[in-house]
Every structure is written in structure tokens, then in C-alpha cells.
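Engineer: The structure that follows is given in the form of C-alpha cells.
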Amino acid sequence: MTEQKPVTETTATKVPTLPDAQTVTQVTHWTDRLFSFRVTRPQSLRFRSGEFVMIGLLKDDGKPLLRAYSIASPAWDEELEFYSIKVQDGPLTSRLQHIQVGDQIILRPKPVGTLVHDALIPGKRLWFFATGTGVAPFASLIREPQTYEDYDKIILTHTCRDVAELEYGRQLVESLSDDPLIGDMIGDKLVYYPTTTREESPKMGRITDLLTSGQVFQDLGITGITPETDRAMVCGSLGLNNDIKAILEGFGLREGANSEPAEYVVEKAFVG
Ligand code: A2P
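Final position of the sequence shown in our numbering is 314; the numbers increase by one with none missing.
Here it is in C-alpha cells:
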């Protein structure tokens, strides 16, 4: 893949006019497959870091076309951020990828999801396992103060096909030490473990293989995952989610939910 520099566009916000409409305030194209964007936040919207909402555009017939998107910004942010794949023949993202600053999108202000602190019982280490755009809920959670209040160590693993696809997450992690709100809280608690599968990089391989071989523990100089100390959140493709679930269950962790917190939770990264 040819190397691409992210292109960011930003300007002052306009007032939305459609019901449930929010105005785009920033768009960044990371690769020809990935982009992120920020929109105004409805004043009434309260959500827990890690949750998702339905967003979309109006179709030609005037009806909304909506998809589930994890909110990539933390609960305290004045705006909302999203991170999306571009599917050239995808019903929504084929159009959404062309949004520009000042455009409006539809956002249903009903946040839901299982990748929330409330769905886990207390522990010492928290793992975030992401592939591709599955890093979005963790982009929110690594900016959430509670993450650092509740855990001694937070390990974000992100596996992508190539190096350019890691860039959104990498830049975010790098920016956190200077963050006025949580920079001091993070200290050396946050560990970032990026891997690629189809392009040469310092760490190659699927996270599933790196877990089962024990390589990730060796690389990070830490003990293996146990139900006594470790909690995990997983967000990727269906295949990734199922494979990590099996690995975590093998380590003795049980799946939790909002109604019944346990040691790990899973959510599918949404595409379309
Ligand atoms: P791979 O290149 O070996 O398929 P995608 O861009 O297709 O969503 O994939 C994102 C990343 O997730 C890729 O690096 C891909 O590796 C990896 N991946 C896909 N399925 C699995 C799985 N079942 N277990 C582990 N990694 C996976």
C-alpha cells in the first residue's frame, strides 16, 4: 500500500436544522479504507465511555439509513468522534466517507453497549483487544479517567493489516501523555501493543496467535492472564471475537454483561 498522510479539515460549527441532526466539525482521512470525523454533541446526550449509537444519513427517499457506531471520544468530550471504514459499495459508508465539515449527519441519542466498566468486576489489569475499526470504543475508554482509577495496568492491543491502519490509534495513544485531563493519571499504566499481519512492522502476527504462544506476555514482561487479576474487552470482526473468547475462556475468564458483570466483555466492530 502506498503511504498516505492523514488529511484533516476543520472549521467553526453551524447550527443543525434536521431533527436528530448533528453538524460535522472535523474529518480526517487516514487511508483509502479508513477515516474519522467529529460532530457536535446533543446537549442532552449522556453516555458511558465505550458505548455506541446509531448514526447515518438521509436516503434519497427522505428516510434515514442508520448503522451502529462506537463513540470514539470519551464521555467528557464536548463533541463526538467516530472512526469508520470506507466500503465502496457499502450502503452507508460509500456516502458517509464523502462528508465534509459543515454537513449534517443523523444521530439517534440512545447510547447502548457492553464495552463499559459496569459490565466488569474489579481487577488489576484491563486488556483492550481490537482489530481494525474495533479500536473505536477503546479510543474512548483510554481517554476515560475511570479506566486509570480502576486498574493498575491497561494493555491496548491493536492488530491491523498494515502499518497505515494503525495510525489513528498510534497518534491517539501518543497524544495522551500531554492530555491536560488524564495525562498525569496515565503515568506508565497504559501499554500499547500494535501488530500487523500483512505488512512488515516491529511486531507481526495475529493477536490470537501471540496470546496462545505466550509471546505477548514475554514481549511485555508480564505474567499470563488469570481470572483473579485480568479483565478484558474485545472488539473486532466476528471471527476475532470468537477466537479471543475461546482463548479467554481457556484462561478461566467468564463473559459478563451490564446485568451480570464478570471478567470479560465482547462487542462486534460494525461495518457497512
Ligand atoms: P489477517 O490479515 O491475518 O486476516 P480486517 O481489516 O479484515 O478487518 O482485519 C483486521 C485485522 O484483524 C487483520 O490484521 C486480520 O488479520 C485480523 N484478524 C481477522 N480475523 C481474525 C481472527 N479470527 N483472529 C485474529 N485476528 C484476526
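Glycine is no exception: its CB is placed at the ideal position from the N, C-alpha and C atoms.
Helix, strand or coil for ARG150? Go by DSSP, reduced to three states.
Structural biologist: ARG150: strand per DSSP, three-state reduction.
Engineer: Between the stretch 231-239 and the stretch 247-254, do at least 3 Cβ pairs fall closer than 8 Å?
Structural biologist: They touch, by the three-pair rule.
Engineer: Apply the 10 Å Cβ neighbour rule to GLU309 and answer buried if 16 or more other Cβ atoms are within range, or exposed otherwise.
Structural biologist: GLU309 is buried by the Cβ-count criterion.
Engineer: Tell me whether LEU99 sits in a helix, a strand or coil according to DSSP, three-state version.
Structural biologist: Of the three classes helix, strand and coil, the one that applies to LEU99 here is strand, per DSSP.
Engineer: Quick one: Cα of ARG113 to Cα of PRO222, how far?
Structural biologist: The sequence given here has Ile at residue 113, not Arg. Rounded to the nearest angstrom, the two C-alpha atoms are 21 Å apart.
Engineer: How far does the beta strand (DSSP E) with LEU295 in it extend, from its first residue to its last?
Structural biologist: Premise fails: LEU295 is in no beta strand (DSSP E) and is neither H nor E.
Engineer: Might you give, ordered along the chain, the residues of its own chain that have their beta carbon closer than 7 Å to the beta carbon of ARG137, omitting 5 neighbours on each side?
Structural biologist: Excluding sequence neighbours, ARG137 sits near LEU99.
Engineer: Which same chain residues end up closer than 7 Å to LYS101 when comparing Cβ atoms and leaving out the 5 residues on each side of it in sequence?
Structural biologist: Closer than 7 Å at Cβ, skipping near neighbours: LEU107.
Engineer: Measuring only the C-alpha atoms, how far is GLU291 from GLU123?
Structural biologist: Between GLU291 and GLU123, the C-alpha separation is close to 32 Å.
Engineer: Drop a sphere of 10 angstroms on the beta-carbon of GLN130, count the other beta-carbons inside from all chains shown, and report buried for 16 or more, exposed for fewer.
Structural biologist: Per the 10 Å Cβ criterion, exposed.
Engineer: Which term fits ASP285, buried or exposed, when burial requires 16 or more other beta carbons within 10 angstroms of its beta carbon?
Structural biologist: It counts as buried.
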